[in-house]
Structure formats: structure tokens, C-alpha cells
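Colleague:
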Amino acid sequence: MFTPPLDALLMFMVATPAVGWVADKKGYRKVQGIYASASLLVAAYFLYGLYKEVAKNGIILIVGQPTFNPPFGACLEIDMFSVFMAFLYIIIGLFATVYSMKFMERDSGLTEYYMLMLGMIAGMTGIIFAGDFFTLFVFWELMCLTSYALVAFRKQRWEAIEAGFKYLIMSAAGSATILLSMSFLYGMAGTLNFAALATSLTNTASEGWLYTTLTLVMVGFGVKAAIVPFHTWLPDAHSAAPSPVSAMLSGVMVQTAACALIRILLLVFSSAQPAWQMTLAVFAVFTMFGGNIMALLQNDLKRLLAFSTIAHIGYVLFGFAIATPYGLTASLFHIMNHAIMKTLLFLCAGAFIRQTRTRDLRKLRGIGRIMPITSAAFTIGTIAIAACPPLNGFWSEMMIIAAGIRAEMIIFSTLTLANMALSVVYYFRLIRIIMLEMPTEVSKRATKAPISILIPLLILAFLCVFIGVYPGPFINASSQAAEAALNIEAYIEAVLGGL
Amino acid sequence: MIPLNYYIACAVALYIIGMYCLASKRNMIKLVMGLEILVNAAHLSFIAFSAYISVGFIDPLGHSIVIMSIGFAGCVTALALTIVTYAYKHYKTLDVRKLRRLKW
Amino acid sequence: MKVDRIRVVGLTAAVLTILVFSTLIIEHEFPVFKYADTDQPPKLVENETGIIGQEVSRFLWDYRVIDLIAQAFVLFAAAACCVALLRIEERKR
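Chain order of the listed sequences is A, B and C. Each residue of the first sequence is one higher than the last, beginning at 158 in our numbering. Each residue of the second sequence is one higher than the last, beginning at 13 in our numbering. Each residue of the third sequence is one higher than the last, beginning at 13 in our numbering.
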């Protein structure tokens with residue numbers, strides 16, 4: 158059908174109701190969570206096999222029928238960039254699923270929850286594997302639909318419904334904009350295949366319609382990638398969702414939109430490259446400032462983390478706007494680091510909220526004395542994301558600034574550095590509130606988190622320290638992925654070379 | 013035949029009407045209808061392009077994309093209306109301006 | 013009266029935008045299939061049986077099979093979303 162990892166995720170998603178029915182009949186509550194984690198492990202194993210095949214054979218092309226004709230046919234095209242991002246999705250999904258076994262135990266509808274989580278991960282994997290614009294759109298809709306339902310999952314509270322409705326309206330408007338831009342590209346080139354579009358649209362530098370389509374693409378993907386004028390759904394949706402879902406949304410879904418955007422910009426709009434580089438850099442600076450300044454004003458723990466996600470997407474988009482191999486390596490490495498750090502922070506925040514039933518920072522003071530292990534992991538995550546030297550955030554953020562300086566974008570690099578310094582203010586405010594203050598009555602009611610919640614937190618904190626101390630292999634992996642993303646000739650050759 | 017530019021102008025006009033509907037209507041169900049108008053703008057544009065490849069022939073790719081995309085628009089509408097029923101249960105009104113408890 | 017004025021302003025702005033964009037579009041010619049690959053002459057899709065429904069599904073199944081199968085999964089996921097949102101909460105208080 159498709160490739161083994163994507164097949165595994167989709168098949169296990171479809172088989173989840175059967176497992177859930179058996180579990181409800183017998184009265185076991187944990188079976189669905191164990192089943193979801195096991196299916197993600199199987200998908201990771203298949204993805205490792207796919208990685209070895211891509212490393213040996215170059216780009217892999219999956220077509221539907223042997224009589225494949227590039228202007229018409231749908232295809233999946235898998236290179237190292239896709240494999241790198243798919244690994245990240247499955248690993249972060251595995252942590253979120255293991256965490257939600259204990260976190261969501263008091264909720265109803267667990268079968269649907271794990272089915273939607275698997276569906277969201279399958280959708281994200283399909284987006285990054287797609288070789289045709291409409292195939293990307295099909296998997297984009299899969300990811301979007303499952304995320305709407307996951308944000309509104311705790312529907313008995315008004316907050317989830319309000320956040321879910323606003324998120325749905327804005328995100329569906331973005332999808333419709335993507336569809337309109339697809340229609341203009343189809344009108345200009347007669348095909349929606351990325352390789353065919355890349356060869357067709359090469360000498361269109363003075364074409365007004367190309368710039369219109371470029372604007373529509375950036376608006377459409379920018380709504381989901383939380384670029385600043387279109388980011389207003391993000392704080393509400395990420396605070397109202399259950400914490401493992403927030404970790405998935407913040408950690409990987411926003412980055413999926415950014416990666417899909419950069420893939421389309423590099424392949425399809427290569428003739429307008431100076432235009433989109435400068436536009437993306439300006440949007441990135443606005444995004445950084447918007448995220449950091451709003452985060453300084455927050456008193457709600459999850460909203461603060463959501464605004465910090467917006468700021469970090471600004472850094473990633475700045476690295477993408479540089480569009481050199483070094484810049485892309487820095488951005489992909491920062492995507493990996495940010496996914497690990499932000500997942501750690503959201504899962505720790507979820508542990509705090511589960512024990513004290515409040516998200517207000519003023520009431521969560523001093524909880525570090527009562528939940529020591531969780532707070533230690535939270536502190537490691539906060540120090541890492543504030544770019545302090547021995548941990549992993551430092552390497553990726555410094556690489557982004559170095560890439561900007563090498564590419565002669567001095568003003569933007571200075572603004573990025575100013576933003577990173579600004580963000581240290583609210584991260585250290587978080588550490589002070591959690592660890593250094595005296596406990597209030599609300600935080601004294603907390604008890605220590607259970608062991609199955611602590612295990613993902615400790616593994617993620619260990620990863621932060623490990624990548625910080627020994628970043629070599631990870632930077633190597635990111636640079637292989639970045640080279641594959643920039644290697645447009647190999648991409649075109651894999652599809653059209655045989656014809 | 014009618015020149016192609018009129019069809020594109022209609023599609024862009026529908027898109028602007030859809031955006032205006034999302035920006036200015038208060039009833040939540042009207043907002044969902046606005047989403048449908050937005051998606052239909054893109055569908056009209058696809059069908060118009062697929063008819064202008066050369067006189068008398070129709071490119072099947074545009075039509076196949078529209079067939080599949082109508083299905084997706086239906087799924088999003090179903091999910092949106094489910095959320096609207098719960099919003100009515102919580103807020104006792106369909107006015108989207110009353111959904112203002114989440115601020116800043 | 014204040015609300016009515018804002019509505020009138022909004023409506024005029026939308027109508028003006030539509031008129032401006034329509035004029036721009038009709039003036040600037042759209043490069044229809046200008047960048048299409050014209051090395052291969054347009055292939056005609058064969059019409060074996062005359063039943064148009066079967067021909068459409070044959071075209072979809074021959075050329076866009078990946079999208080069709082993925083759409084089946086998307087429809088399943090949409091049904092799962094609606095079931096997840098319409099579930100009955102057990103009251104264990």
C-alpha cells in the first residue's frame with residue numbers, strides 16, 4: 158500500500174476500536190494505552206528499516222500503479238529529511254502516549270483518544286512523506302481533523318469547546334487558502350507533482366501570479382505554523398487541550414507546518430527565492446517578538462509555554478529563511494531540541510496541574526519542595542530552553558545565530574539574539590516561582606507524581622543533558638536531513654529521471 | 013467561450029465573500045457556512061482551469077481533486093457542527109461574541 | 013446606531029476589495045498552462061464503457077490511488093472524531 162511505517166500507523170489506528178471494545182467488556186482500563194505504545198514501537202522499528210533503505214538507495218519513490226505518469230499520478234517521495242522528521246514524530250508520540258496512560262486514566266473515551274493520537278501521528282508522517290501537493294493536502298486534513306477533536310476532547314469544560322471552536326475556524330480557513338493556492342499552481346503548470354512543478358516553474362521570475370500564489374501559500378501554512386498575525390488560536394488551544402496533547406501540538410505539529418512550508422518554498426518557488434527569503438525573515442522576527450513579549454505578561458503556566466512555542470517557531474523560521482545548508486541544519490537541529498524540551502516542559506506542567514488542579518502560576522508557587530523529581534526535570538527543561546551552555550538548547554540557538562551572521566543577515570541575527578536574551582527573563586521567572594519560593598496552600602495539597610508519569614520526564618531530561626554534552630551525532634543527522642532537503646536535483650531525478 | 017479571467021475573478025470574489033463572512037457574522041452556524049464558501053471558491057477555480065487546457069477537451073486531474081476535496085469539506089463541517097452543539101450546551105447561545113472568556 | 017455604521021463600513025470595504033481584485037484579475041492575463049510540460053502531447057483517457065461513473069472511478073483508481081486510500085482513512089478518522097466528541101460521560105461521583 159504505502160511504506161511500512163505509515164501502513165503500520167494507519168492499520169493500528171483502524172484496529173484500535175476492536176481492542177477498546179474487548180477492554181471495555183473485560184473491564185481493563187490500561188489495555189488501550191499499552192496497545193497504542195506498542196503500535197508506535199512497531200512503527201519506529203519499520204521506520205528504522207526505511208532509514209537503512211534510504212541511506213543505501215537514495216530517495217525512495219512510492220507510486221500507486223506501475224503505469225505512473227508524473228503530471229497526473231499521486232506519489233510518496235521519501236528522502237532523509239522525511240525520515241528525520243518522522244523519527245521525531247514517532248518518538249515524541251511515544252513519550253506522550255506512555256505519559257497519557259496514567260494521566261488520562263480518569264477520563265472517558267480512551268479508545269477514541271488513542272485512535273486520534275495514532276491518526277494525528279499518521280497524518281504528520283504522511284505530510285512529510287508526500288511527493289504530490291494533493292497527497293500532502295489529504296494527510297494535512299487527517300492531521301487537522303484529529304487535532305480539532307483532541308483539543309476539544311474534554312468537552313464537559315467550556316474552555317475546551319471555546320478553544321476548539323476558535324482553532325477549528327482559523328485552521329480550516331488556512332486549509333481553504335492552501336487549496337486556493339493549489340488551484341493557481343495547477344492552472345499555471347498543469348500538474349501538482351512537486352518534481353514536475355519544480356522543473357516547470359523555473360523561469361517565472363517576473364510573473365505577478367506567482368507572487369500571489371506565494372502569498373496564499375505563506376498565509377495558509379502560516380496559520381498552522383503560528384506566524385504572528387495568524388497565531389491567535391495557539392495560546393487558547395494549547396492551554397485547553399489535555400497536557401499530552403498540548404505536548405504533541407506544541408512539540409511537533411507546529412513544526413510540521415513549518416517543514417511543509419519550507420519544502421514547498423524550496424521546491425516550487427525556487428525562482429522567487431530572494432522574495433520569500435526576505436518575507437519569511439521579516440515574519441520570523443515579528444513572530445519572535447510577538448511570542449516573547451506576550452509571554453512576559455502571562456500568569457497561566459500553559460499559556461506561557463504556548464507563547465514560548467511561538468517564539469521558538471520564529472527562531473526556526475529565521476533559520477529556514479537563511480536557506481543555506483548551515484542555516485537549515487541549525488533549524489532542523491533546533492526543531493529536534495525544541496520538541497524534546499517543550500514536550501518535557503508540557504508534561505511536567507501536566508504533572509503539576511494533575512496534582513493541584515490549577516494552572517495559575519501565583520498559586521503554584523513553591524511546588525518544587527513538594528514534588529522534587531518533577532520540579533528537577535522541569536528546571537532542567539527550562540534551563541535548556543533558555544539556551545544555557547551545557548544543555549542542548551544552547552547549541553541549536555547559537556547555530557541559528559551563526560548561520561545568520563555567515564549569510565550576511567546581521568540585523569536579523571542581532572534581533573534574534575535580543576529575543577533570546579529577552580526570553581531568559583520569563584524562563585528564570587518560572588524557575589524562581591517553582592523552586593525558590595515558599596509553598597502556598599494550593600501547592601501544599603500536591604503529592605508526588607506517580608512513577609509511570611515520572612519515567613517519560615526523566616528520560617526526556619536525560620536526553621536534554623545528553624544531547625547538550627554530546628551533540629555530534631545529532632548535528633550530523635540534522636545536516637544529512639538539511640542536505641537532502643536542499644538537494645532539488647536529486648528530488649527531481651528520482652521522479653522524472655526514468656522518463 | 014467565456015474568457016478564463018472571469019472565472020478566476022468569480023473564484024477570488026467567492027474567497028473574499030467567505031473571509032468577510034468569517035470576519036463579520038455572529039451566528040456560529042453562519043461561520044461554518046462561511047468555511048464552506050471558502051472551500052467552494054477553490055473548487056470553482058480548479059474546475060475552471062481544467063476546462064481551459066485546449067478547446068473542447070477537459071483535464072481530468074482537476075475534477076478528481078474536486079471530487080475528493082468535497083469529501084474533506086464535509087468532514088470538517090460535521091466536526092464543526094458537533095462542536096457547535098456543545099458550545100450551545102455550555103453558553104446557551106449561538107452568538108460567537110459571547111465566547112470571550114479566554115482573553116490575553 | 014454605532015453597530016450599523018461599522019457594518020456599513022465593513023460591507024463597503026468588502027465590496028471595494030472584490031471590485032479592485034476583479035479589475036486586477038481581468039486586466040492581467042492568467043498564464044494558463046504556460047509552464048506546463050508540452051513535450052508530451054495531451055493524452056486522451058480511453059473510454060471503454062460509456063458509463064461515465066465507471067470511467068471516473070477508473071481514472072481515480074489508476075492515477076490517484078494513494079489519495080483515495082488515504083481519504084478512506086480520513087473519513088474513518090472523522091467518524092472517530094465525532095464519536096469522541098459525542099460520547100456519554102459516565103458519572104462516577
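For each residue, glycine too, the CB sits at the ideal point set by N, CA and C.
Mind checking whether G408 of chain A and T500 of chain A have CB atoms under 8 Å apart?
Modeller: Contact: yes.
Colleague: Pick helix, strand or coil for V21 of chain C, following the three-state DSSP scheme.
Modeller: In this structure, V21 of chain C counts as helix in the three-state DSSP scheme.
Colleague: With DSSP run on the structure shown, which of helix, strand or coil describes A398 of chain A?
Modeller: A398 of chain A: coil per DSSP, three-state reduction.
Colleague: Can you pull the chain B neighbours of F45 of chain C, defined as C-beta to C-beta under 7 Å?
Modeller: Simply I65.
Colleague: To be precise: take each residue of the segment 79-93 of chain B, compare its Cβ to all Cβ atoms of chain A, and keep it if any distance is under 8 Å. Which residues remain?
Modeller: Against chain A - using a Cβ distance shorter than 8 Å - the residues of the segment 79-93 of chain B are M80, S81, F84, C87, V88, L91, A92.
Colleague: Ordered along the chain, which non-local residues of its own chain (more than five positions away) have a Cβ less than 6 Å from that of G280 of chain A?
Modeller: Once the five neighbours on either side are set aside, the close Cβ partners of G280 of chain A are F296, L299, M300.
Colleague: Counting only runs that start and end within the segment 526-563 of chain A, where is the alpha helix (DSSP H) found for 4 or more residues in a row?
Modeller: As far as the segment 526-563 of chain A is concerned, its whole alpha helix (DSSP H) runs of at least 4 residues are 529-542, 549-563.
Colleague: Can you grab the Cα-Cα spacing for the pair P162 of chain A / F203 of chain A, in whole Å?
Modeller: Rounded to whole angstroms, P162 of chain A to F203 of chain A spans 5 Å at the Cα level.
Colleague: Does the beta-carbon distance from V240 of chain A to V211 of chain A come in below 8 Å?
Modeller: Yes, the Cβ-Cβ distance between V240 of chain A and V211 of chain A is below 8 Å.
Colleague: Have a look at P72 of chain B and S62 of chain B and give me their C-alpha separation to the nearest angstrom.
Modeller: Each residue's alpha carbon lies about 7 Å from the other.
Colleague: Quick check on M405 of chain A - is its C-beta less than 8 Å from some C-beta in chain C?
Modeller: For M405 of chain A, the answer is no, since every Cβ of chain C falls outside 8 Å of its Cβ.
Colleague: Taking the alpha carbon of T268 of chain A as the reference point, which residue from A:M445, A:E262, A:I326, A:Q189 has its own alpha carbon closest?
Modeller: It is A:Q189.
Colleague: Thinking C-beta only, is I326 of chain A closer than 8 Å to A99 of chain B?
Modeller: Cβ distance not < 8 Å, so A99 of chain B and I326 of chain A don't count as in contact.
Colleague: According to DSSP, which residues form a beta bridge with A575 of chain A?
Modeller: Its beta-bridge partners do not exist; DSSP assigns none.
Colleague: Apart from the five residues on each side of it in sequence, which residues of its chain come closer than 7 Å, Cβ to Cβ, to Q637 of chain A?
Modeller: Once the five neighbours on either side are set aside, the close Cβ partners of Q637 of chain A are M237.
Colleague: What is the residue span of the beta strand (DSSP E) that V220 of chain A lies within?
Modeller: Looking at the DSSP string, the run of the beta strand (DSSP E) that includes V220 of chain A is 217-220.
Colleague: Return helix, strand or coil for N456 of chain A, following the three-state DSSP convention.
Modeller: N456 of chain A: coil per DSSP, three-state reduction.
Colleague: Restricting to Cα atoms, I'd like to know which of A:F446, A:H395, A:R519, A:A320 is closest to F569 of chain A.
Modeller: Comparing Cα positions, the closest option is A:F446.
Colleague: What is the DSSP secondary structure of L111 of chain B, reduced to helix, strand or coil?
Modeller: Coil at L111 of chain B, not helix or strand.
Colleague: In chain order, what residues of the same chain have a beta carbon less than 6 Å from the beta carbon of M272 of chain A, not counting five sequence neighbours either side?
Modeller: Excluding sequence neighbours, M272 of chain A sits near M170, T173.
Colleague: From A107 of chain B to L56 of chain B, what distance separates their C-alpha atoms?
Modeller: According to the sequence shown, residue 107 of chain B is Asp rather than Ala. About 30 Å.
Colleague: Does the segment 424-444 of chain A come close enough to the segment 478-485 of chain A to have 3 or more Cβ pairs within less than 8 Å?
Modeller: Counting Cβ pairs under 8 Å, three or more are found: they touch.
Colleague: Are the Cβ atoms of P613 of chain A and F252 of chain A separated by less than 8 Å?
Modeller: A contact, by the Cβ cut-off of 8 Å.
Colleague: Closer than 7 Å, Cβ to Cβ, to anything on chain A: give me those residues from the segment 58-73 of chain C, in chain order.
Modeller: The residues in question: there are none.
Colleague: Please give me, in chain order, every unbroken run of the alpha helix (DSSP H) with length at least 4 that falls completely inside the segment 388-454 of chain A.
Modeller: Counting whole runs of 4 or more residues, the segment 388-454 of chain A contains the alpha helix (DSSP H) stretches 390-397, 400-405, 411-424, 430-452.
Colleague: Using 8 Å as the cut-off, can you tell me whether the segment 334-345 of chain A makes contact with the segment 371-380 of chain A, which would need three or more C-beta pairs spanning the two stretches below that distance?
Modeller: Enough Cβ pairs lie closer than 8 Å, so yes.
Colleague: Does DSSP put F119 of chain C in a helix, in a strand, or in coil?
Modeller: Absent from the structure is residue 119 of chain C, since the part of chain C shown begins at 13 and ends at 105.
Colleague: Taking the alpha-carbon positions, what's the I558 of chain A to I219 of chain A distance?
Modeller: About 38 Å.
Colleague: In chain B, what lies closer than 7 Å to A90 of chain C by C-beta?
Modeller: Under the 7 Å cutoff, chain B gives C87, A90, L91.
Colleague: Grab me the residues of L344 of chain A's own chain with a C-beta within less than 8 Å of its C-beta, minus the 5 sequence neighbours each way, in chain order.
Modeller: Before going further, note that residue 344 of chain A is Gly rather than Leu in the sequence given. Counting only Cβ-Cβ distances below 8 Å, and skipping sequence neighbours, we find nothing.
Colleague: Can you tell which of B:K101, B:I20, B:I29 has the C-alpha that lies nearest to the C-alpha of I59 of chain B?
Modeller: Closest option to I59 of chain B, Cα to Cα, is B:I20.
Colleague: Can you tell me whether DSSP reads F244 of chain A as helix, strand or coil?
Modeller: Helix, per DSSP.
Colleague: I'd like to know if A54 of chain B contacts chain A, where contact means its C-beta is closer than 8 Å to some C-beta of that chain.
Modeller: So yes, A54 of chain B belongs to the interface.
Colleague: Do you know how far the Cα of D289 of chain A is from the Cα of Y18 of chain B?
Modeller: Straight-line Cα distance between these residues: approximately 28 Å.
Colleague: Taking beta-carbon pairs under 9 Å, can you tell me which members of the segment 300-316 of chain A lie near chain C?
Modeller: From the segment 300-316 of chain A, only L302, T303, Y305, A306, L307, A309, F310, K312, Q313 have a Cβ closer than 9 Å to chain C.
Colleague: Give every residue of the same chain whose Cβ lies closer than 6 Å to the Cβ of F294 of chain A, excluding the five residues on either side of it in the sequence, and list them in chain order.
Modeller: Excluding residues within five positions, none has a Cβ falling inside 6 Å.
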